Every structure is written in structure tokens, then in C-alpha cells.
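The sequence shown begins at 75 in this note's numbering and counts up one residue at a time.
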Amino acid sequence: MKKRFLTAAAAAICAVSLAACGSSSTGTTTADTTAAEAAEDTTAAEGGDSAAEETEAAEDETEASGGTLVMATNAEFPPYEYHDSSQVGPDGSDIVGIDAEIAGAIADQMGMDLVIEDIAFDSLIPELQSGKADFVAAGMTVTEDRLVNVDFSDTYATAVQSVIVTNDSDIASVDDLAGKKIGVQQGTTGDLYATDDFGDENVDRYPKGVDAVQALVQGKVDAVIIDNEPAKVFVGDNEGLKLLDTAYAEEEYAIAVKKGNTELLDQINAAIAELKDSGELESIVAKYITAE
Ligand code: ARG
Numbered sequence: 075m076k077k078r079f080l081t082a083a084a085a086a087i088c089a090v091s092l093a094a095c096g097s098s099s100t101g102t103t104t105a106d107t108t109a110a111e112a113a114e115d116t117t118a119a120e121g122g123d124s125a126a127e128e129t130e131a132a133e134d135e136t137e138a139s140g141g142t143l144v145m146a147t148n149a150e151f152p153p154y155e156y157h158d159s160s161q162v163g164p165d166g167s168d169i170v171g172i173d174a175e176i177a178g179a180i181a182d183q184m185g186m187d188l189v190i191e192d193i194a195f196d197s198l199i200p201e202l203q204s205g206k207a208d209f210v211a212a213g214m215t216v217t218e219d220r221l222v223n224v225d226f227s228d229t230y231a232t233a234v235q236s237v238i239v240t241n242d243s244d245i246a247s248v249d250d251l252a253g254k255k256i257g258v259q260q261g262t263t264g265d266l267y268a269t270d271d272f273g274d275e276n277v278d279r280y281p282k283g284v285d286a287v288q289a290l291v292q293g294k295v296d297a298v299i300i301d302n303e304p305a306k307v308f309v310g311d312n313e314g315l316k317l318l319d320t321a322y323a324e325e326e327y328a329i330a331v332k333k334g335n336t337e338l339l340d341q342i343n344a345a346i347a348e349l350k351d352s353g354e355l356e357s358i359v360a361k362y363i364t365a366e
């Protein structure tokens, strides 16, 4: 379990700036775009109207190229993908968030029409393997086990697994989790790591992260292990919860495609590189995550 520990300082740096912890595989990072520039871009380019126009433009281009790109996700993971009935997402549905917008930008660059499918997290990889979806964008962490079944793009974000407890909890560090009931979203890295480190019998799996958080509020579990950004959203939405200072594991998010689909993978990587270079990736992140 030791290798999973991360200092609070490192976690804080990642939390403040995704760009600072971004991919090391691409030479150019978005770190040189200032926050002010990013904020400007956000206002200029990401208004509701222009999003609608972009959708129309994408549709027109699709008619020409006849292509639909199907993204599979689990839209229970704010700020990366979630339902918001007050917004129109890049595929015209109410699914919004960082991954949804990145996918919208990738589809735009490819001249394709985007369709987003919202399914269970542990069905995402089977959905790719069966060919029902072209790619998965779901805050999905690159792991060796997953690499056996899918190919991953260059990474576009760094995350850490965080621990949520109640304000009055006696759990002060990851070590204190031994022997406690831990709630997780089924099939996530939080699930896999907690099971490895603390034993299957101590892990309660829920279909959605928010269900695990509800179980914590109701006293059915003692802690929840989940990615830091959704963790912050869930703590903000619920009274009486807090995050431990020590993060549990550091990881990187990437887009997954069916094993061997190098044509699509190359296009996705080119699009991600372009989003990083132009500062658009940073603008998208800044729209959903405010640096403290
Ligand atoms: N990063 C974690 C993983 O890859 C959790 C991702 C959960 N994503 C979601 N859309 N529910 O396992």
C-alpha cells in the first residue's frame, strides 16, 4: 500500500493546477497560458450560444463526412461528466463536464457528430470491446490491468484518490482505514485499491459515487474513497463531511479506445495535443474547476 501514498503537498499542487501535473508524454503543456487568458477564452468561446452553434456546425460537417463518434461514459462524476438540465452538452443532451467538452472538441476537430452514452462505470470497457462505443471518456485512470483490454490516449489530467469522512470521524489518516467500512463506486480504482489494501470484506460497492457518499452520511460506511475533484463536489453538496489531508493514490486520466484502434487513437492524440497547445484544454478545466 505504501506506493500509493502521496504527500499532502503533492496532492495540493495537483488540486490547484491540473496543468502542473499534466501529461509528461507530450512536450508542450498548457502551463504557459495564464489564468487570465484562460478565463478570457472561457467567456469568449464557451457561452451557451456558441456551444449551440458549434453543435450545428458539427452536424453540418457530419452530413458531409457522414460520421458519428460514440462516446461512452458514466455521467455521475462531476466535474468531469454529469447531468445538468440547465445546460446543453456537446451532443445536445444535458451531459456536461470536462470530459464531455473535451470529447466535443475532439469530434469537432474530426468533423464528426458526437453522441454520448451514459452507462455503468464497470460496463464502459465491455462497451468498447463490443464495438458499441468508439471511445470512453470518463475520468478513467490508466492502469496496467485496463491496458490489457483497451488502448489509452495521452493523458489529459492528473488526479488523486481522496478519502471522505464525517467531520466527527476518528479516521485521521489512510492508516486509520484498516478495519473500517469503506464505500466506493463499483469498478473504479478507488474500489480496486481499497479492496487490495483493506480487504474485500471491508469494501462496500455502490453503482454511483454519490450513493457511496449517501451511505457515509447515513452512517452505513465509515469513509469513501473517490477521485479528488468529485470528492470536493460531494463534500460541498453535503453537510458534515470533510476530506482527509492525505491523499491515497496518484493517477492519470486518459481516453480509452478498443485495443488496436490506432487510427482513432492517433486522431484523439492529435486533438488532445492541439487542445493543450491552444490553451483550450486549460480553458475547459478552468470553466469547471476553480483554483483555490
Ligand atoms: N478514476 C477512477 C477510475 O478510473 C474513477 C473514474 C470514475 N468515472 C466516472 N465517470 N464515474 O477508476
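Backbone N, C-alpha and C fix where the C-beta goes; we use that ideal spot for every residue, glycine too.
Remember, it's a predicted structure, so these values are computed and weren't measured experimentally.
Tell me the rounded alpha-carbon separation between I172 and I358.
The residue given as residue 172 occupies position 98 in the sequence shown. The residue given as residue 358 occupies position 284 in the sequence shown. Whole-angstrom Cα-Cα distance: 6 Å.
Is there at least one Cβ from chain C nearer than 8 Å to I238's Cβ?
Judged by its chain identifiers, the structure shown contains no chain C, having just a single protein chain.
Roughly how many angstroms lie between the CA atoms of V369 and M184, to the nearest whole one?
Outside the shown range of the chain (75 to 366) lies residue 369, about which nothing can therefore be said.
Quick one: what does DSSP say D285 is sitting in, helix, strand or coil?
Within the sequence shown, the letter at position 211 stands for residue 285. D285 falls in the helix class under three-state DSSP.
Measure the CB-CB distance between A211 and I176 and report whether it falls below 8 Å.
Within the sequence shown, residue 211 is the residue found at index 137, counting from 1. Within the sequence shown, residue 176 is the residue found at index 102, counting from 1. Taking 8 Å as the Cβ cut-off, A211 and I176 qualify as a contacting pair.
Spell out a yes or no on whether the segment 203 to 217 and the segment 153 to 172 are touching, meaning 3 or more CB-CB pairs, one atom from each, closer than 8 Å.
The answer is yes - the segment 153 to 172 touches the segment 203 to 217, with three or more Cβ pairs under 8 Å.
Beta-carbon within less than 7 Å of K282's beta-carbon, same chain only, minus the 5 sequence neighbours each way: which residues are those?
As a working mapping, residue 282 is identified with position 208 in the sequence shown. Cβ within range, chain order: E150 and Q259.
With a threshold of 16 other CB atoms inside 10 Å of the CB of E354, please say whether the residue is buried or exposed.
Locating residue 354 in the sequence shown gives position 280, counting from the first residue. With 16 or more Cβ atoms within 10 Å of its Cβ, E354 is classed as buried.
Find out if the Cβ-Cβ distance for the pair Q235, I299 is shorter than 8 Å.
Within the sequence shown, numbered from 1, the residue matching residue 235 stands at position 161. Within the sequence shown, numbered from 1, the residue matching residue 299 stands at position 225. Yes; because the gap between Cβ atoms is below 8 Å, this pair is in contact.
Could you give the distance in angstroms between the alpha-carbon of F209 and the alpha-carbon of A268?
By one-based count along the sequence shown, residue 209 stands at place 135. By one-based count along the sequence shown, residue 268 stands at place 194. Distance between the alpha carbons of F209 and A268: 27 Å.
So what's V224 in DSSP terms, helix, strand or just coil?
For this step, residue 224 is matched to residue 150 along the sequence shown. Three-state result, V224: strand.
When you compare only the Cα positions, how much space is there between Y156 and D270?
Position 82 of the sequence shown, counting from 1, holds the residue named residue 156. Position 196 of the sequence shown, counting from 1, holds the residue named residue 270. Distance between the alpha carbons of Y156 and D270 is about 28 Å.
Quick one: is the Cβ of M214 within less than 7 Å of any heavy atom of the ligand ARG?
Working through the sequence shown from its first residue, we reach residue 214 at position 140. M214 Cβ: within cutoff of the ligand ARG.
Quick one: give me the first and last residue of the alpha helix (DSSP H) that L315 is part of.
Taking the sequence shown and counting its residues from 1, the one referred to as residue 315 is at position 241. Note, L315: premise wrong, no alpha helix (DSSP H); beta strand (DSSP E) at L315 to L317.
By the DSSP assignment, the beta strand (DSSP E) with E325 in it spans what residues?
The residue labelled residue 325 in the question sits at position 251 within the sequence shown. A323 to K332 is the span of the beta strand (DSSP E), which, as asked, contains E325.
When burial is assigned at 16 or more other CB atoms within 10 Å of the CB, is K361 buried or exposed?
Taking the sequence shown and counting its residues from 1, one reaches residue 361 at position 287. The residue in question, K361, is buried, as its Cβ has 16 or more Cβ neighbours within 10 Å.
Can you tell me where the alpha helix (DSSP H) with D173 in it begins and where it stops?
As a working note, residue 173 is residue 99 in the sequence shown. From DSSP, the alpha helix (DSSP H) with D173 extends over I172 to M184.
Within the continuous beta strand (DSSP E) that includes I256, where are the two ends?
The count along the sequence shown starts at 1 and reaches residue 256 at position 182. First-last of the beta strand (DSSP E) with I256: I256 to Q259.
Can you find the residues in the same chain that come closer than 8 Å, C-beta to C-beta, to G141, ignoring five residues on each side of it along the sequence?
By 1-based counting over the sequence shown, the position of residue 141 is 67. Around G141: M184, G185, M186 and D187.
Quick one: is the Cβ of Q260 within less than 7 Å of any heavy atom of the ligand ARG?
For the purposes of this step, residue 260 is taken as the residue at position 186 of the sequence shown. Answer for Q260: no, Cβ out of range of the ligand ARG.
First and last residue of the beta strand (DSSP E) that includes A347?
Numbered from 1 along the sequence shown, position 273 holds the residue referred to as residue 347. Premise fails: A347 lies in the alpha helix (DSSP H), T336 to S352, not in any beta strand (DSSP E).
Measure the alpha-carbon distance for T217 versus Q288 and round it to whole angstroms.
Position 143 of the sequence shown holds residue 217. Position 214 of the sequence shown holds residue 288. Taking the straight line from one Cα to the other gives about 28 Å.
So what does DSSP say about D265, is it helix, strand or coil?
Position 191 of the sequence shown, counting from 1, holds the residue named residue 265. The answer is helix: DSSP assigns D265 an H, G or I state.
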